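Protein chains in written order, with the working numbering: chain A, 1 to 173; chain B, 1 to 278; chain C, 1 to 573.
By construction, the Cβ of each residue, glycine as well, lies at the ideal position given by its N, Cα and C atoms.
All of these numbers come straight from a predicted model, not from anything done at the bench.
Okay, structure first, notes after.
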Amino acid sequence: MSKAPPITNVSDLMAIAYQIEADAVQRYTVLAEQMETHNNPELVKVFRDLARAEGLHAEEIRKLAGDEDIAQRAEALRGWSRGDSPEEVDLGAAHYLMTPWHALQLSLVGEKRALDFFTSIVETTKDPKVKEMASEFVEEEAEHVNLVYRLLRKYPKPSDSWSDDPDTPLAQG
Amino acid sequence: MSSIEPRLACKPADYKSNVNPIWCPGCGDYHVLMSFTRAFAQLGLAPENTVVVSGIGCSSRIPAYTNCYGFHGVHGRSLALATGLKVSRPDLTVVVASGDGDGYSIGGNHFLHACRRNIDMTYVVMDNRVYGMTKGQPSPTTEPDFDTALSPGGTGLSPFHPLVIALASGANFVARAFSGEPNETANILVEAIKHPGFSFVEILSPCVTFRPDERDWKSQVHPAPVGPTSDPAKAARRIMTDDGFNIGILYRGARAPYRPKIANATVDLAELEKDFEL
Amino acid sequence: MPNAESLSVAIIGSGGAGALTAGNMLLEAACAAGWHGLMTRTVGPQIRGGEAAALIRLATHPIDCMADRFDLMIGIDWLNANRFGAEIEVAASSLIVSDPRGGDLPTVVTRAGARVVELPLKEMAKEIPGGRPNMIALGIAARLLGLGEEPLIRVITKQLASKGQGAIDASCAGLKAGFAAAANLDFGVTLASPKPSTAKRWLVSGNETTGLGAIRGGVRFAAAYPITPASEILEWLAPNLAKVGGSLFQAEDELAAINMIIGASYGGTPALTATSGPGLSLMIEALGLATAAEVPIVVIDVMRAGPSTGIPTKSEQADLNIAVYGLHGDAPHLVVAPQSVSDCLFTTQWAVYLAEALQTSAIVLSDQFVGQAVAAIDRPADVAFIGQRARATEIAGTYQRYAIAAGGVSPMAIPGTRGGQYTADGLTHNERGTPTSSENDHSRQLDKRRSKLDSFAYGDHWATIEGDGDLAVITWGSLTGAVREAIDRLRHSGMNLRLIAPRLLLPIQPERLKAALAGVKRALVVEQSHGAQFHRYLRAHYDLPSDVRVLNRPGPLPIRPSEIVEAIMGWRT
Chain A
1 MSKAPPITNV SDLMAIAYQI EADAVQRYTV LAEQMETHNN PELVKVFRDL
51 ARAEGLHAEE IRKLAGDEDI AQRAEALRGW SRGDSPEEVD LGAAHYLMTP
101 WHALQLSLVG EKRALDFFTS IVETTKDPKV KEMASEFVEE EAEHVNLVYR
151 LLRKYPKPSD SWSDDPDTPL AQG
Chain B
1 MSSIEPRLAC KPADYKSNVN PIWCPGCGDY HVLMSFTRAF AQLGLAPENT
51 VVVSGIGCSS RIPAYTNCYG FHGVHGRSLA LATGLKVSRP DLTVVVASGD
101 GDGYSIGGNH FLHACRRNID MTYVVMDNRV YGMTKGQPSP TTEPDFDTAL
151 SPGGTGLSPF HPLVIALASG ANFVARAFSG EPNETANILV EAIKHPGFSF
201 VEILSPCVTF RPDERDWKSQ VHPAPVGPTS DPAKAARRIM TDDGFNIGIL
251 YRGARAPYRP KIANATVDLA ELEKDFEL
Chain C
1 MPNAESLSVA IIGSGGAGAL TAGNMLLEAA CAAGWHGLMT RTVGPQIRGG
51 EAAALIRLAT HPIDCMADRF DLMIGIDWLN ANRFGAEIEV AASSLIVSDP
101 RGGDLPTVVT RAGARVVELP LKEMAKEIPG GRPNMIALGI AARLLGLGEE
151 PLIRVITKQL ASKGQGAIDA SCAGLKAGFA AAANLDFGVT LASPKPSTAK
201 RWLVSGNETT GLGAIRGGVR FAAAYPITPA SEILEWLAPN LAKVGGSLFQ
251 AEDELAAINM IIGASYGGTP ALTATSGPGL SLMIEALGLA TAAEVPIVVI
301 DVMRAGPSTG IPTKSEQADL NIAVYGLHGD APHLVVAPQS VSDCLFTTQW
351 AVYLAEALQT SAIVLSDQFV GQAVAAIDRP ADVAFIGQRA RATEIAGTYQ
401 RYAIAAGGVS PMAIPGTRGG QYTADGLTHN ERGTPTSSEN DHSRQLDKRR
451 SKLDSFAYGD HWATIEGDGD LAVITWGSLT GAVREAIDRL RHSGMNLRLI
501 APRLLLPIQP ERLKAALAGV KRALVVEQSH GAQFHRYLRA HYDLPSDVRV
551 LNRPGPLPIR PSEIVEAIMG WRT
């Protein structure tokens with residue numbers, strides 16, 4: 001889990017919260033495009049839906065912050081994390097034959113990480129305004145986590161042979 | 001080294017052909033040729049079982065000046081040619097000769113892989129820190145401030161450090177020699193050829209025509225302060241911190257040399273079709 | 001039900017559908033049952049999960065080309081199939097079996113107005129535990145073409161042996177479901193029964209027969225650098241060379257690969273490497289070295305569409321120029337081209353034999369079509385061409401490696417031979433091998449290297465020459481099959497045509513082509529090259545009749561027999 005950066009004011013907190021959502025949008029979009037190129041239309045839809053949901057969260061944060069330049073400020077704060085953000089979706093876990101269950105598992109990991117991130121800010125910050133805002137984000141992320149759990153109930157865990165492809169990989173050059 | 005028994009009472013002159021070298025008088029490579037013939041004589045190598053493989057450049061002319069088998073190939077590819085020869089004819093003693101341009105510039109990639117593969121052969125690079133045959137361009141080992149026509153004022157680039165690269169890539173024997181000490185060089189070559197696996201010997205060999213400043217090398221070289229180590233980390237530290245003029249065997253490793261996987265035929269040709277049959 | 005002597009089927013699917021696996025099984029089963037077969041494939045650029053089509057032609061007679069269009073097409077899904085739409089031509093009479101949830105039909109189908117029948121292959125597969133839609137497609141194709149279940153069950157059992165009985169059972173169940181579903185489909189035609197034959201038959205690709213040809217010719221060392229579409233030659237050689245006491249060695253790049261084989265050959269071991277256009281470009285310098293130093297080597301070029309990286313997975317005939325003219329200086333050498341999957345064996349073996357006999361470099365111009373196509377062929381006859389270079393063994397006096405003598409070939413001393421020491425050199429040299437710049441030595445050695453090639457008796461293998469008539473169709477390489485089929489069709493409607501397909505492209509054979517063209521008033525040149533390289537080569541070196549037309553096109557689409565027929569019909573006087 002990524003260590004929390006030194007967040008000393010609410011606008012920095014908002015910027016980081018925004019970044020988390022914006023990064024998730026980017027990752028889910030990349031995954032949707034991968035699935036499109038690899039002929040997995042069901043997952044194209046799942047990832048585009050996830051990207052859209054994260055995009056809405058990002059918009060909400062931007063409106064709440066009332067800050068048109070929030071994206072830029074967020075970029076400037078990037079340096080503290082070795083990955084791109086705590087909610088980062090692991091592109092390395094993608095597979096061309098992945099099922100919606102796999103996609104939601106990926107999303108669940110990301111949401112839980114974001115939840116832990118904001119929780120740690122609540123626990124460590126000395127600034128009461130930051131603490132209050134961070135607590136709201138904790139609630140928000142908890143709702144996302146619950147949503148993913150509910151969605152997972154719709155998709156059974158796939159069988160062990162989910163990644164079997166009778167055709168062998170092809171040499172392309 | 002060849003698996004054939006050495007012949008006794010060989011003289012260095014036995015290994016010299018009657019072709020006169022085209023090298024400029026004063027060229028360090030004359031001494032290197034002397035060292036080659038002295039080393040071959042010391043080892044009692046049969047000339048018909050010894051092959052000298054080279055690329056292109058002044059140093060690469062050396063095969064025809066010996067009376068062993070030789071291959072004067074194309075620029076930079078001597079190690080590849082020698083590899084194909086040695087893995088299909090492990091009985092031969094294979095010595096590869098190159099220069100700093102042929103070996104470290106165009107031949108750079110093959111250098112890395114030859115060290116890595118650790119096939120039993122000896123690679124001798126006559127380093128004069130210039131492209132002699134094409135009249136004076138900088139090579140990968142040329143000093144950054146050396147003025148040439150293609151690089152007025154000098155290249156400004158750090159020189160390549162071949163001994164470190166050889167060590168890092170897996171060479172089993174790393175040495176530096178100086179052409180002006182032909183006996184010592186011959187001794188180093190003897191050890192290199194005897195040592196199993198890929199042996200790399202860099203011979204500082206001045207170019208009297210394009211690097212007359214290198215005449216000064218004879219006062220700059222000195223024996224390495226300590227004998228060779230078999231610990232690559234120690235060797236790396238020593239080589240990286242020396243002044244570039246430590247002469248001697250610097251590393252003598254214990255990696256098992258590459259064993260060519262050639263077994264006797266186990267099937268006859270007709271067996272190979274079985275997989276095709278409907 | 002009317003019988004057809006030849007039918008073609010395409011099985012299409014993406015993202016793990018297993019279309020290619022189904023195609024392989026269909027081909028193997030049909031050929032085991034006695035039909036002739038040829039399979040190619042066309043795929044998207046992805047390494048896994050891409051759109052793929054298995055393209056199969058089955059016939060009662062030997063075939064060396066694909067048909068003009070597909071009679072049956074089964075779409076497990078049509079995702080991105082438009083990408084290779086031009087390669088899956090159908091007619092109005094064709095039958096398309098389509099999974100309604102598989103996406104939109106490709107435009108090539110709707111444009112042709114073919115009959116479309118919908119079958120929910122994916123749903124049918126779900127009803128079988130462990131079932132897959134590609135097995136259902138396989139069952140449908142087999143039933144409609146006229147195959148029985150038995151040969152398929154045998155193939156499934158064999159191919160899935162390592163996956164366990166469960167997988168075999170599920171696949172057979174899928175096969176049977178497809179069979180049953182096909183009973184209700186009206187294809188309107190079926191394959192005529194295979195002709196009985198006692199000939200031993202192989203199911204094999206051109207790349208594999210190339211490998212076997214190399215070993216039969218005497219190659220015992222190969223250097224390898226992977227490149228599409230040649231890698232399979234090297235992959236086949238790796239274990240098989242070891243079995244016969246040889247070895248394959250992976251190089252760090254093509255520059256190393258070709259220099260390695262020169263080293264091995266210099267040491268006495270016949271040696272070979274295989275590559276494609278970009279690799280051949282890298283190897284050109286060393287080909288010159290082998291030619292000048294008279295060290296025998298063979299380089300297989302499995303041509304892809306070019307230039308530069310081009311289309312690695314598609315065929316073209318546009319490396320002719322570089323193979324014939326690419327070496328700097330005057331460097332006569334050998335260039336040969338196989339004409340079919342079966343001919344890859346003979347031509348490669350012959351190339352090894354010629355390279356060793358003539359102590360020079362040989363380039364074998366194969367291509368992606370013939371290299372990667374899988375065909376059922378009659379087992380090629382054994383031929384006696386085994387590489388045997390002239391060796392200097394008893395050496396008196398100073399050995400003259402490059403001595404001028406009748407025939408131009410001078411015996412080669414192999415390292416280990418006492419008294420035979422010499423330095424092989426790319427530098428111009430005298431008879432001893434010592435570098436020289438003398439005008440006399442230079443021209444004598446140039447004469448030597450040319451005369452050894454020109455004075456050699458290549459025999460009838462130099463070209464395929466068939467038929468008679470005053471119109472000749474001149475082609476080469478993998479197009480020979482399509483030209484032959486076109487000529488056969490025209491012969492049935494009373495036209496007499498000659499087929500001329502050189503197998504030996506270098507050195508040129510002007511006298512022999514002149515004889516082959518005796519009486520020919522018109523020539524159609526057919527080739528798969530945008531710049532008509534073969535036509536220009538013919539013009540440069542041979543006398544052609546005054547009336548010449550050229551049918552040329554670059555890859556990726558193969559030139560079909562019907563196009564050749566049309567070109568000839570359009571040329572009636």
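DSSP places C:Trp78 outside both helix and strand once states are collapsed to three, so it counts as coil.
C:Ile322 sits buried, since 16 or more C-beta atoms from the chains shown fall within 10 Å of its C-beta. The CB of C:Thr228 comes closer than 8 Å to the CB of Ala171, Gln172, Gly173 in chain A, given here in chain order.
Only buried fits C:Asp301, as 16 or more other CB atoms lie within 10 angstroms of its CB. For B:Gly70, the three-state secondary structure derived from DSSP is strand. Of the residues C:Leu505, C:Gly397, C:Ala518, the one whose Cα lies closest to the Cα of C:Gln533 is C:Leu505. Secondary structure at C:Ser315: coil, using DSSP grouped into helix, strand and coil. Between the segment 212–226 of chain B and the segment 6–16 of chain C, the count of C-beta pairs closer than 8 Å stays below three; the two stretches do not touch.
B:Pro138 sits buried, since 16 or more C-beta atoms from the chains shown fall within 10 Å of its C-beta. C:Met1 counts as exposed, since fewer than 16 other C-beta atoms from the protein chains shown sit within 10 angstroms of its C-beta.
Nearest neighbour of C:Ala486 by Cα position, chosen from C:Ala67, C:Leu38, C:Thr60, turns out to be C:Ala67. At a cut-off of 7 Å between beta-carbon atoms, B:Val267 makes contact with chain C.
Here C:Thr269 is buried: its Cβ has 16 or more other Cβ atoms, across all protein chains shown, within 10 Å.
Beta bridge pairing from DSSP links C:Pro435 with C:His429.
Per DSSP, C:Pro196 has no beta-bridge partner at all. For C:Arg512, the enclosing alpha helix (DSSP H) starts and ends at 510–516. At least one CB of chain C lies nearer than 7 Å to the CB of A:Asp165. Under the Cβ distance rule, C:Pro270 does not count among the residues neighbouring chain B, no pair being separated by less than 7 Å. Among the bridge pairs identified by DSSP, B:Leu204 is matched with B:Asp127, B:Phe178.
Listed as beta-bridge partners of B:Tyr251 by DSSP are B:Val174, B:Thr229. Below the 8 Å Cβ cutoff, chain C contributes no neighbours of B:Arg211, its closest Cβ being approximately 25 Å away.
From the beta-carbon of C:Asn207, no residue of chain B is found nearer than 8 Å; the closest lies around 12 Å away.
If one requires a minimum length of 3 residues, the beta strand (DSSP E) runs lying completely within the segment 98–154 of chain C are 115–118, in chain order. Look at the segment 67–79 of chain C: the residues with a C-beta under 9 Å from a C-beta of chain A are Asp77, Leu79. Contact note: A:Thr99 does not reach chain C at a C-beta cutoff of 9 Å; the least C-beta distance is about 11 Å.
Within the same chain, Ala323, Val324, Ile363, Leu365, Leu505, Leu506 come within 7 Å of C:Val335 by CB-CB distance, once the 5 residues on both sides are set aside.
In this structure, B:Gly99 and B:Arg77 do not form a Cβ contact; the two beta carbons are roughly 13 Å apart against a cut-off of 8 Å. Secondary structure note for A:Glu60: its alpha helix (DSSP H) is the uninterrupted segment 41–65. Annotation: the continuous alpha helix (DSSP H) that includes A:Asp12 extends over 10–37. Flagged as an interface residue toward chain A: C:Ile47, by a C-beta distance shorter than 7 Å. Pairing C:Leu58 with B:Leu272, the inter-Cα distance amounts to about 26 Å. Within the segment 9–39 of chain A, the residues whose Cβ lies closer than 7 Å to any Cβ of chain C are, in chain order, Thr37, His38, Asn39. By the 16-neighbour rule on beta-carbons within 10 angstroms, C:Val483 is buried.
B:Thr50: not part of any alpha helix (DSSP H); member of the beta strand (DSSP E) spanning 50–54, first to last residue.
Taking B:Ala171 as the centre and dropping the five residues before and after it, the same chain places the C-beta of Cys115, Phe198, Phe200 closer than 6 Å to its C-beta, in chain order. The count of Cβ pairs closer than 8 Å, one atom from the segment 11–29 of chain A and one from the segment 52–62 of chain A, reaches three, so the stretches are in contact.
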